[in-house]
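Shown next, in structure tokens, is the structure this report addresses.
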Ligand code: SR1
Ligand code: MG
């Protein structure tokens, strides 16, 4: 279906975005409004509307019926806008400090109207610029514990969780992840996009049967395990931050999956920073990796102890089993993310932005080798210190 023939759908312009904001009564009638399209992601329009005099704003996000990163030849469901609005509301109910407020959503226009976070910076951009966010990973750890616990069988009970899982089937967006994260980078696929100087490293990866077997197991977990409602795309570009505030945005990939996926994607995107930085600036990133896991583990344990709907909750060793599995899954998923952002369809600025050719190629090779190790050796790693040691050993 082309852009113009989806019933009732039309891409917003600055003018129609302003008209929508006025219709919703989000600004005073007399206000002078300015609108800028600021979307720099792969998939959507993002309109920032501000009251010029009162400096008050909102964000209107609109899904496009195709992937912006590729063009109209790659159609993409508009249903992801509803998924995103519903996920923001659920995550916001469990972790209100870390999620933008939703003011309005419209399924027909594939629009979500939400809190203006433009006083914050996208965490990836800030980290690349050397900014320090001392609370970022503690906040993300708490966000992960709360959202992943409260939407699970333990938090919701089996019946309600199944109901929620049904409402969050997200096959089109999951397929993107299945292909771009778990499949294509491990084979000579058309979607891959890597620099010529990486050819030998990439060929080695494609011939590594052990990596492929472990990637297949991780893909199987991603496809089959409905543990909790995941964000589904939790890289540092999906997080707004300042020194004191953290907000997690963009859950259009939300679905019921293995909880290690969100944790692993975040850890991998921190690892890109460790890889890209000069050695003397890496320590702060290792601290982030340690903090996100430790905070997640601590907060998840508290929630488990407080109120758990599973009869086995008090069984000796069960919580430890769940945490260990999530930890090792997270490391494996992190490995897949490291590889796909280096050689797959959608890259990260942390690596692509390194201007010096030699340094950039070395960084990408390090990311691929670290990814392979995490995928293959995750079951040998039992503590976050082990994992950080492994990252250090590859740089
Ligand atoms: C075609 S979409 C490419 C990537 O952008 C999103 O942010 C996801 O990470 C997806 O894999
Ligand atoms: Mg996104």
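Numbering (the UniProt record's numbering), first residue to last: 1 to 395.
Glycine included, every Cβ here is placed at the ideal spot set by N, Cα and C.
Under 6 Å Cβ to Cβ from residue 367, same chain only, skipping five residues before and after it: list those, please.
Excluding positions up to five away in sequence, the list reads 275, 338 and 342.
Here's the rule: buried if 16 or more other CB atoms are within 10 angstroms of the residue's CB, otherwise exposed. What is residue 4?
Its pLDDT being 43, under 50, residue 4 is placed unreliably by the model, and nothing is read from it.
How about residue 255 and residue 336: are their beta carbons less than 7 Å apart?
No; because the gap between Cβ atoms is not below 7 Å, this pair is not in contact.
Using the beta-carbon count (16 or more within 10 Å), is residue 190 buried or exposed?
With fewer than 16 Cβ atoms within 10 Å of its Cβ, residue 190 is classed as exposed.
CB residue 212 to CB residue 194, shorter than 7 Å?
Going by C-beta atoms, residue 212 is not nearer than 7 Å to residue 194.
Let me have the residue list for the ligand MG: C-beta closer than 7 Å to any non-hydrogen atom, ordered along the chain.
Cβ atoms closer than 7 Å to the ligand MG belong to 41, 42, 43, 233, 237, 238, 250 and 252.
Give the DSSP-derived three-state secondary structure of residue 126 in the structure shown.
In this structure, residue 126 counts as helix in the three-state DSSP scheme.
Mapping the DSSP letters down to three states, classify residue 53 as helix, strand or coil.
In this structure, residue 53 counts as coil in the three-state DSSP scheme.
Beta carbon of residue 88: closer than 6 Å to some heavy atom of the ligand SR1?
False, no ligand heavy atom lies under 6 Å from that Cβ.
Is residue 180 near the ligand SR1, judged by its Cβ being under 6 Å from some heavy atom?
Within the cutoff, so yes.
Is DSSP giving residue 219 helix, strand or coil here?
If DSSP states are grouped into helix, strand and coil, residue 219 belongs with the helices.
Is residue 346 near the ligand SR1, going by C-beta to nearest heavy atom under 6 Å?
Yes - the ligand SR1 has a heavy atom lying nearer than 6 Å to the Cβ of residue 346.
Can you pull the DSSP bridge partners for residue 248?
Paired residues: 239.
Helix, strand or coil for residue 266 per DSSP?
Looking at residue 266 - three-state DSSP - the assignment turns out to be helix.
Could you please give me the residues that DSSP links to residue 111 through a beta bridge?
Partner(s): 62 and 106.
Inspect the CB distances between the stretch 138 to 153 and the stretch 47 to 66 and report whether three or more fall short of 8 Å.
Taking 8 Å as the limit for Cβ pairs, the verdict is that the stretch 47 to 66 does not touch the stretch 138 to 153.
At a cut-off of 6 Å, is residue 176 close to the ligand SR1 when judged by its beta-carbon and the heavy atoms of the ligand?
Answer for residue 176: yes, Cβ within range of the ligand SR1.
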